[in-house]
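Engineer: I have a structure here, written as structure tokens, and I will follow up with some questions on it.
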Amino acid sequence: MTESNDNKEKELEEKENNETEGATELSAEEQEELLKKFDAESNTRSLTGIASWIVFGLLISFSLFQLYTGAFGQYTAYIQRTVHLGFALVLIFLLFPARRKTVKNSVPWYDMILILLAIIVCGYWPMYYDTLVQQVGTISDAQLVIGGIAILLVLEASRRAVGLPIMIIASVFLLYAYFGPHMPGMFAHRGLTLHQLVDSMFFTTEGILGTPLQVSSTYIFLFLLFGAFLVQTGVGNYFNDLAITIAGKRTGGPAKVAIFSSALQGTISGSSVANTVTTGSYTIPMMKRLGYHRNFAGAVEAAASTGGQIMPPIMGAAAFLMIEFAGVPYWDIAKAALIPAILYFAGIWIMTHLEAKKLGLHGLPADQIPKKSTVFKKIHLLLPIIIIVILLFQGLSIERTALYGILSTIIVSLPLKETRINFSRFIEALTSGARTALGVAAATACAGIIVGVVTKTGLGLKMGNSLVSMAASISTNVQMQLMLTLIFTMITSLILGMGSPTTANYIITSTIALPAIIALNEALPVSIEILAAHMFVFYFGIVADITPPVALAAFAATGISGGSPIQTGVNASKLAIAAFIIPYMFVLQPALLMIDTNFFEIVLILITAIAGMIAIGASMIGYWYVKLNWFGRLISLVGGVALMYPGTYTDIIGVVIFALMLIFQFTKMKGNKATPQSA
105 MTESNDNKEK ELEEKENNET EGATELSAEE QEELLKKFDA ESNTRSLTGI ASWIVFGLLI
165 SFSLFQLYTG AFGQYTAYIQ RTVHLGFALV LIFLLFPARR KTVKNSVPWY DMILILLAII
225 VCGYWPMYYD TLVQQVGTIS DAQLVIGGIA ILLVLEASRR AVGLPIMIIA SVFLLYAYFG
285 PHMPGMFAHR GLTLHQLVDS MFFTTEGILG TPLQVSSTYI FLFLLFGAFL VQTGVGNYFN
345 DLAITIAGKR TGGPAKVAIF SSALQGTISG SSVANTVTTG SYTIPMMKRL GYHRNFAGAV
405 EAAASTGGQI MPPIMGAAAF LMIEFAGVPY WDIAKAALIP AILYFAGIWI MTHLEAKKLG
465 LHGLPADQIP KKSTVFKKIH LLLPIIIIVI LLFQGLSIER TALYGILSTI IVSLPLKETR
525 INFSRFIEAL TSGARTALGV AAATACAGII VGVVTKTGLG LKMGNSLVSM AASISTNVQM
585 QLMLTLIFTM ITSLILGMGS PTTANYIITS TIALPAIIAL NEALPVSIEI LAAHMFVFYF
645 GIVADITPPV ALAAFAATGI SGGSPIQTGV NASKLAIAAF IIPYMFVLQP ALLMIDTNFF
705 EIVLILITAI AGMIAIGASM IGYWYVKLNW FGRLISLVGG VALMYPGTYT DIIGVVIFAL
765 MLIFQFTKMK GNKATPQSA
């Protein structure tokens with residue numbers, strides 16, 4: 105029996121070794137197929153002939169319209185937003201099939217009808233602008249039809265370009281608005297008639313044409329275009345080369361390359377899934393070849409790529425939405441996001457290092473490391489990112505900053521032939537930028553429906569009060585009520601964030617889950633910073649991408665690693681444990697967001713938090729300097745959480761446990777001549 109088990113283990117080990125040796129990078133075609141499978145925004149038709157030229161012309165026109173209004177001033181709100189929406193709807197119905205398995209090289213007749221309807225409803229505002237802005241009272245029956253069609257088009261476009269979850273949520277909210285009097289208990293409201301509902305959704309700036317679409321039609325599009333121009337310089341591959349040069353030789357090198365590269369990629373990517381596929385197609389095979397298990401390799405890339413969405417300066421475009429929703433200047437948002445992002449990536453870095461030490465893995469061999477002279481001669485490609493940070497810090501408008509970012513990208517690309525943005529690359533940047541914006545436009549328009557219903561019905565406040573009341577029914581202790589409400593809000597944000605892109609994710613969580621934290625300020629003797637509340641729901645909405653069962657980034661990673669989706673998701677959640685702890689920290693201690701603090705307090709917070717992450721990382725991996733048993737892992741976890749939890753007493757407890765664990769580790773290591781390698 106023992107021999108049989110040994111033989112099975114050997115067979116499994118040989119199979120794993122064969123898979124590791126065969127780990128190769130994905131081709132561009134394989135990357136595209138993987139993106140289409142897991143990323144709704146990438147599931148587009150491959151049109152030919154006249155249809156392809158029409159799409160090409162519309163994409164160029166879309167980008168030129170946004171560049172023109174960004175440079176010379178926007179049209180009035182209704183016209184700017186409806187033209188933006190019109191471009192997006194027409195292009196979505198041209199490019200995105202109704203079903204994944206339908207023919208993808210032609211546009212069916214029913215989509216031609218939807219395109220015609222999109223032109224009519226979005227052209228209605230520019231054509232009858234003077235009449236509509238002077239209109240008083242209820243809308244006419246004709247306008248009811250126009251507005252109703254607009255709502256249905258936005259829902260269908262969102263389903264195709266973004267995914268089913270956001271369409272379902274928006275539809276449920278519309279039903280809630282209409283059937284308000286029939287809702288149970290505290291969720292009942294007066295209800296809206298069909299005319300009132302359509303009026304608020306399409307003929308005011310409180311629905312589809314609301315703040316989310318306004319941000320999409322101004323800030324976000326231009327920054328997506330900026331990212332598209334950066335990509336044309338080859339900066340994505342440069343991020344990989346730079347990451348290998350800096351981290352490749354270190355213990356478990358490829359995993360650290362994945363972390364470093366994904367953090368950089370997050371500055372230009374607005375999608376966790378896209379980041380996972382583009383960076384992971386390169387890093388995951390490297391990690392497998394080195395000796396990481398496929399489930400762990402995929403998890404590292406998924407966790408790091410998801411972290412790209414919380415990495416300033418762009419934060420998956422959510423930073424620009426947060427300006428409007430939180431009423432906070434951009435620089436305060438970027439500054440607040442910095443330390444939590446550092447801690448997040450530090451946590452993943454620590455755990456990959458400990459896993460490598462446990463497995464006895466080393467860094468990449470010297471022949472796989474690019475020459476520093478070759479890599480650093482392209483360091484100027486990072487200048488545009490530095491320039492936009494400086495300009496935003498100086499208070500320049502976001503539109504102007506994006507335009508200068510695009511201009512600086514073109515300029516810095518000129519010295520080297522391989523990076524130079526010539527005419528063909530310029531056109532490619534215009535078309536790819538507009539393509540990237542389609543999902544964002546649909547998501548923000550659909551999210552506007554959700555925001556509009558919440559505004560009209562007061563649902564957000566009711567949801568917030570219900571979560572606070574639930575916490576109060578469990579405990580009368582103020583601190584316990586605070587923690588319970590935060591936990592309920594976390595769960596709500598994780599559920600709402602499943603399957604949604606970054607922008608829609610933040611809009612939904614800030615509209616539905618955020619009011620619970622705001623309600624705490626009135627219900628309890630606590631004072632929670634508004635920015636901390638927004639960052640809290642934003643973080644948990646984002647980590648839904650790696651939290652099973654709907655962990656899109658983790659699932660995409662398994663398409664490269666060949667691992668188990670659920671196990672990869674579980675590993676990714678463990679690696680990203682910081683994202684489940686840090687939001688509680690900055691709600692309880694806003695100094696972590698650099699709010700009302702000083703340099704010495706920030707340094708102390710960083711030291712204790714990183715020490716806490718080391719202890720928590722050791723607990724998750726089961727290894728520090730030697731292997732940890734279950735008790736050692738539990739003690740490390742307790743000490744790590746104590747160090748990360750704000751408070752003098754908890755810091756003291758954490759430091760004592762940390763010191764005792766170190767002494768215990770070094771005692772067990774005595775006589776061991778192996779010297780720990782540097783991280």
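With our numbering applied, the sequence shown corresponds to residues 105 to 783, in that order. Yeah, the Cβ is synthetic: ideal placement off N, Cα and C, and Gly gets one too.
Closest to A470 by CA distance: which of K521, G357, A265 is it?
Structural biologist: On the sequence shown, position 366 is the one that residue 470 refers to. Closest option to A470, Cα to Cα, is G357.
Engineer: Measuring CA to CA, which of E136, M216, L171 is closest to I158?
Structural biologist: For this step, residue 158 is matched to residue 54 along the sequence shown. Taking only the C-alpha atoms, the option nearest I158 is M216.
Engineer: If you follow the alpha helix (DSSP H) that N526 is part of, which residue opens it and which one closes it?
Structural biologist: Start at 1 with the first residue of the sequence shown, and residue 526 comes out as number 422. Element bounds for N526: n/a, residue is neither H nor E.
Engineer: Span of the alpha helix (DSSP H) holding K772?
Structural biologist: Within the sequence shown, residue 772 is the residue found at index 668, counting from 1. Where K772 is concerned, the enclosing alpha helix (DSSP H) stretches over 752–773.
Engineer: On a CA-only basis, which of I595, M602, S579, R149 is nearest L789? Give me that one, please.
Structural biologist: Beyond the ends of the chain as shown, which are 105 and 783, falls residue 789; an answer cannot be given.
Engineer: With a CB to CB cut of under 6 Å and the five nearest residues on each side skipped, what residues in its chain are close to L656?
Structural biologist: For the purposes of this step, residue 656 is taken as residue 552 along the sequence shown, with counting starting at 1. Cβ within range, chain order: F142, V377, D649.
Engineer: Provide the residue span of the alpha helix (DSSP H) that contains K360, from first to last.
Structural biologist: Residue mapping note: residue 360 aligns to position 256 of the sequence shown, counting from 1. Start and end: 357–369.
Engineer: Provide the residue(s) that pair with Y282 in DSSP beta bridges, ordered along the chain.
Structural biologist: Sequence index remark: in the sequence shown, residue 282 carries index 178 (1-based). Note: Y282 sits in no beta bridge, so no partner.
Engineer: If I'm right that G284 touches A292 with Cβ under 8 Å, what's the distance once you round it to whole angstroms?
Structural biologist: On the sequence shown, position 180 is the one that residue 284 refers to. On the sequence shown, position 188 is the one that residue 292 refers to. The Cβ separation is near 6 Å, so the contact holds.
Engineer: Jot down the residue ranges of each uninterrupted alpha helix (DSSP H) in the segment 447–517, minimum 4 residues, whole runs only, in chain order.
Structural biologist: Those alpha helix (DSSP H) runs which fall completely within the segment 447–517 and span 4+ residues are 476–480, 487–497, 502–517.
Engineer: Put E125 into one of helix, strand or coil per three-state DSSP.
Structural biologist: Reading the sequence shown from its first residue, position 21 is the one you call residue 125. With a pLDDT of only 45 at E125, under the threshold of 50, the placement of this residue in the model should not be trusted, and no figure is reported.
Engineer: Using CA coordinates, which residue listed in L747, S477, L296, Q170 is at the minimum distance from L346?
Structural biologist: Translated into the one-based positions of the sequence shown, residue 346 becomes position 242. The shortest C-alpha separation from L346 is found at S477.
Engineer: If you run the structure through DSSP and keep just helix, strand and coil, what is Y729?
Structural biologist: The residue labelled residue 729 in the question sits at position 625 within the sequence shown. Coil.
Engineer: Three or more C-beta pairs closer than 8 Å, one from the segment 748–765 and one from the segment 679–699: is that the case here?
Structural biologist: Verdict: yes, contact present.
Engineer: So the candidates are R264, L598, M290; which of them puts its Cα closest to the Cα of S570?
Structural biologist: One-based indexing of the sequence shown puts residue 570 at position 466. Closest option to S570, Cα to Cα, is M290.
Engineer: With distances taken from CA atoms, which of I591, W435, L298 is nearest A281?
Structural biologist: Within the sequence shown, residue 281 is the residue found at index 177, counting from 1. With distances taken between Cα atoms, A281 lies closest to L298.
Engineer: Answer yes if the segment 458–470 comes into contact with the segment 715–727, meaning at least three C-beta pairs across the two stretches below 8 Å, and no otherwise.
Structural biologist: Taking 8 Å as the limit for Cβ pairs, the verdict is that the segment 458–470 does touch the segment 715–727.
Engineer: Is the beta carbon of A362 less than 9 Å from the beta carbon of A408?
Structural biologist: Looking up residue 362 in the sequence shown gives position 258. Looking up residue 408 in the sequence shown gives position 304. Going by C-beta atoms, A362 is nearer than 9 Å to A408.
Engineer: Among the residues of its own chain, which have a CB less than 6 Å from the CB of T771, if the five just before and after it don't count?
Structural biologist: As a first step, residue 771 is located in the sequence shown; it is residue number 667 there, counting from the start. Once the five neighbours on either side are set aside, T771 has no close Cβ partner at all.
Engineer: Count the other CB atoms within 10 Å of the CB of A246; is the residue buried (16 or more) or exposed (fewer)?
Structural biologist: Taking the sequence shown and counting its residues from 1, the one referred to as residue 246 is at position 142. The residue in question, A246, is exposed, as its Cβ has fewer than 16 Cβ neighbours within 10 Å.
Engineer: Can you find a C-beta in chain C that's less than 9 Å from the C-beta of L334?
Structural biologist: Annotation note: the requested chain C is absent from the structure, which comprises a single protein chain.
Engineer: Go ahead and pull the three-state DSSP assignment for T561.
Structural biologist: As a first step, residue 561 is located in the sequence shown; it is residue number 457 there, counting from the start. Three-state DSSP puts T561 in a helix.
Engineer: Would a C-beta distance cut-off of 9 Å place L328 and G537 closer than the cut-off?
Structural biologist: Taking the sequence shown and counting its residues from 1, the one referred to as residue 328 is at position 224. Taking the sequence shown and counting its residues from 1, the one referred to as residue 537 is at position 433. Yes; because the gap between Cβ atoms is below 9 Å, this pair is in contact.
Engineer: By Cβ distance, which residues of its chain are closer than 6 Å to D303, with the 5 residues on each side in sequence left out?
Structural biologist: Here the question's residue 303 lines up with position 199 in the sequence shown. Here the set comprises I243.
Engineer: Going by C-alpha distance, which of Q769, Y342, I250, L334 is nearest I533?
Structural biologist: Here residue 533 refers to the residue found at position 429 when the sequence shown is read from its first residue. A small correction: the amino acid at residue 533 is Ala; Ile does not occupy that position in the sequence shown. The shortest Cα separation from A533 among Q769, Y342, I250, L334 belongs to L334.
Engineer: Which residue spans inside the segment 249–317 form an unbroken alpha helix (DSSP H) run of at least 4?
Structural biologist: The qualifying runs are 268–282, 298–306.
Engineer: Per DSSP, what kind of secondary structure is E633 in: helix, strand or coil?
Structural biologist: Here residue 633 refers to the residue found at position 529 of the sequence shown. Coil, per DSSP.
Engineer: Which residue's Cα is closest to the Cα of K475: E260, T349, G267, V404?
Structural biologist: Counted from its first residue, the sequence shown places residue 475 at position 371. For K475, the nearest C-alpha among the options comes from T349.
Engineer: Just the C-alpha distance for L624 and F592, rounded to the nearest angstrom, thanks.
Structural biologist: Within the sequence shown, numbered from 1, the residue matching residue 624 stands at position 520. Within the sequence shown, numbered from 1, the residue matching residue 592 stands at position 488. Rounded to whole angstroms, L624 to F592 spans 12 Å at the Cα level.
Engineer: Should A155 and V240 be called a contact, given that it needs their Cβ atoms to be closer than 9 Å?
Structural biologist: The residue given as residue 155 occupies position 51 in the sequence shown. The residue given as residue 240 occupies position 136 in the sequence shown. Not closer than 9 Å, so no.
Engineer: Which one of L496, G431, D436, I414 has the shortest CA to CA distance from L447?
Structural biologist: Sequence index remark: in the sequence shown, residue 447 carries index 343 (1-based). When only C-alpha atoms are compared, the closest one is I414.
Engineer: For a quick check, are the C-beta atoms of E136 and S146 less than 9 Å apart?
Structural biologist: The residue you call residue 136 lines up with position 32 of the sequence shown. The residue you call residue 146 lines up with position 42 of the sequence shown. Contact flag set, yes.
Engineer: What does the Cβ neighbour count give for W790, buried or exposed, with the cut at 16 atoms within 10 Å?
Structural biologist: Examination of residue 790 is not possible in this model, given that the chain is present from 105 through 783 alone.
Engineer: For the 8 Å Cβ check, are there 3 or more pairs between the segment 316–324 and the segment 543–562?
Structural biologist: Yes, since at least three Cβ pairs between the segment 316–324 and the segment 543–562 fall closer than 8 Å, the two stretches touch.
Engineer: Should the segment 419–438 be called in touch with the segment 608–626, which here means at least 3 C-beta pairs below 8 Å?
Structural biologist: Verdict: yes, contact present.
Engineer: Counting C-beta neighbours from all protein chains within 10 Å, is the total for V225 16 or more, i.e. buried, or is it exposed?
Structural biologist: Taking the first residue of the sequence shown as 1, we reach residue 225 at position 121. Looking at its Cβ environment, which holds 16 or more other Cβ atoms inside 10 Å, V225 is buried.
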